[in-house]
Each structure stands twice: as structure tokens, then as C-alpha cells.
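Numbering (the numbering used here), first residue to last: 2 to 197. Beta carbons are placed, not taken as given, at the ideal position from N, Cα and C, and that holds for glycine.
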Amino acid sequence: MLNVRSCRLSLFAAQSGLKVVAAQGKVEIQAQADALDVLSKLGITISSTDDKVIISSPKEVKITGGSSQITLNGSGIFPKTGGKFQVNAGQHLFMGGASVQPSLPSLPVFEPKPQDLFLEYFHADGTPAKGSKYTLTLSDGSRRTGFLDEKGQAFIRDVPVGKAQVLYETVFNENDKSGAVDESWFSNFIQTKGVK
Numbered sequence: 002m003l004n005v006r007s008c009r010l011s012l013f014a015a016q017s018g019l020k021v022v023a024a025q026g027k028v029e030i031q032a033q034a035d036a037l038d039v040l041s042k043l044g045i046t047i048s049s050t051d052d053k054v055i056i057s058s059p060k061e062v063k064i065t066g067g068s069s070q071i072t073l074n075g076s077g078i079f080p081k082t083g084g085k086f087q088v089n090a091g092q093h094l095f096m097g098g099a100s101v102q103p104s105l106p107s108l109p110v111f112e113p114k115p116q117d118l119f120l121e122y123f124h125a126d127g128t129p130a131k132g133s134k135y136t137l138t139l140s141d142g143s144r145r146t147g148f149l150d151e152k153g154q155a156f157i158r159d160v161p162v163g164k165a166q167v168l169y170e171t172v173f174n175e176n177d178k179s180g181a182v183d184e185s186w187f188s189n190f191i192q193t194k195g196v197k
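Here you go:
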């Protein structure tokens, strides 16, 4: 798990490809304060095997192919082409005007201060370690304790500059395949966080 609080994160594969797979749950990419660019030298494929594909914008959607283009915005739908405009349909219906309002999710506002610390911890199977107790030893020797939330996260404000050490105390409840074992025990994990 990578947490980048105030700097840039880059992933680069010089020879082979780069693959992101989520066996369970969705994959979510957000640019919370700027644009998101996807660029490819060859083709780009967007597919859904079991559901629909939705492209939404509150302002405008523009699709360009070769010298032809279609623009969708609040003023209407505007196709442009220097070639042939061909429509094939079993039936043509021209109805009265109608409009829709795009339903778009709101992005969270996250403004960490330079001396705030974000903790995030997951179990080996990828599930959040919710409710786990943490003990944070700060660079000035002071300690802070608390519990991770439902997402396995915690946000600590006003942390002194320097390295901090965090100790997680996670309670596991595991049964073996026969169901004969039912024990709880504490597993401690020490991580070092740096605050610049």
C-alpha cells in the first residue's frame, strides 16, 4: 500500500507492460483537483462485459474520428463531417424536445497540512484492518493512540517534523479448515512514517 501525501507518484515500466487487477471490488481512479489524461500510441478499448458504459459531463462531450466530429452540450447535438452522413434504422422517429441533467458524483475535499499524517492499514487478504488500535511514537518522543476507522484509516493532525513509528495491534479471528481452532490473538506490525 502506497500513501503519497504531498508529492508526486509515478509508475514507469521501461520494457514490459503495466497491469492493475482487482479480483474483487471496483477499480477507482480520481483526479480530485485537476484533469485526467489517457494517451495511447495504439488503440484504446473501453468495454463492459455485463453492464453499460456511461460517459457523462455537465458541460460538453466531444467525439472526433478522422475529419468528422460530434459535439453534445446544453445547446444541442452538433455533428460535423466533410464526407457522407449515413443513418441506418428500421424506423425513424422525430419526437418533441427533451433534456436531461447529468448525475455526477462529487469529489471529496482533502486539504492536508504539511504536518498532518495519514495512516492506512490492510490485512494480507486486502481487507481493511478496521477497528485496529494504533500507537504512534512521534519524533519528539510523545505518543498518540487511537483506532482505525471502517476503511482501515486514520488521520492525525499537527504531527511534529521528523520520522514517526506506528505500531498496529490487529485482532484476528481465524478458523482452520476443520473448524477446530477458534482463537484470537494480537499481531503487532511496526511501520516507520516520515513527515517532512
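To which residues of the same chain is residue i closer than 6 angstroms at the C-beta, ignoring the five residues directly before and after it?
| i | result |
| --- | --- |
| Leu43 | none |
| Pro152 | It is worth fixing the name first, because residue 152 is Lys in this sequence and not Pro. So the qualifying residues of the chain are Pro129. |
Taking the beta strand (DSSP E) that residue i falls in, what are its first and last residues?
| i | result |
| --- | --- |
| Ile47 | Careful: Ile47 lies outside any beta strand (DSSP E) and carries neither H nor E. |
| Ser69 | Ser69 to Asn74 |
| Lys81 | Gly77 to Lys81 |
| Ile157 | Gln154 to Ile157 |
| Gly147 | Arg144 to Phe148 |
| Leu120 | Leu118 to Glu121 |
| Leu204 | The chain is shown from 2 up to 197; residue 204 falls before or after that span and cannot be answered. |
Thinking C-alpha only, which one of the options is nearest residue i?
| i | options | result |
| --- | --- | --- |
| Asp141 | Gly163, Gln154 and Leu19 | Gly163 |
| Ser133 | Ser143, Glu121, Leu139 and Arg144 | Glu121 |
| Lys131 | Ala155, Pro106 and Ser104 | Ala155 |
Is DSSP giving residue i helix, strand or coil here?
| i | result |
| --- | --- |
| Lys42 | coil |
| Glu61 | strand |
| Thr128 | coil |
| Lys20 | coil |
| Gln92 | coil |
| Gln166 | strand |
| Gly66 | strand |
Nearest-angstrom Cα distance between residue i and residue j?
| i | j | result |
| --- | --- | --- |
| Gln116 | Lys53 | 43 angstroms |
| Leu168 | Pro161 | 18 angstroms |
| Asp126 | Glu170 | 17 angstroms |
| Phe123 | Asn74 | 43 angstroms |
| Ala99 | Asp51 | 29 angstroms |
| Ile47 | Ile55 | 11 angstroms |
| Ser49 | Leu12 | 26 angstroms |
| Asp35 | Pro106 | 15 angstroms |
| Lys27 | Ser58 | 21 angstroms |
| Ala14 | Leu37 | 20 angstroms |
Please return the same chain residues whose Cβ sits closer than 7 angstroms to the Cβ of residue i, not counting the five positions on each side in sequence.
| i | result |
| --- | --- |
| Leu108 | Gln31 and Gln33 |
| Ser17 | none |
| Leu19 | Leu12 |
Can you list, in chain order, the residues of its chain whose CB lies under 8 angstroms from that of residue i, leaving out five sequence neighbours each side?
| i | result |
| --- | --- |
| Phe86 | Pro80 |
| Ser69 | Pro80, Lys81, Thr82, Gly83 and Gly84 |
| Val39 | Ile45 |
| Lys178 | Residue confidence is low: Lys178 scores 35 on pLDDT, short of 50, so the model does not pin down where it sits. Its coordinate-derived value is still stated next. Excluding residues within five positions, none has a Cβ falling inside 8 angstroms. |
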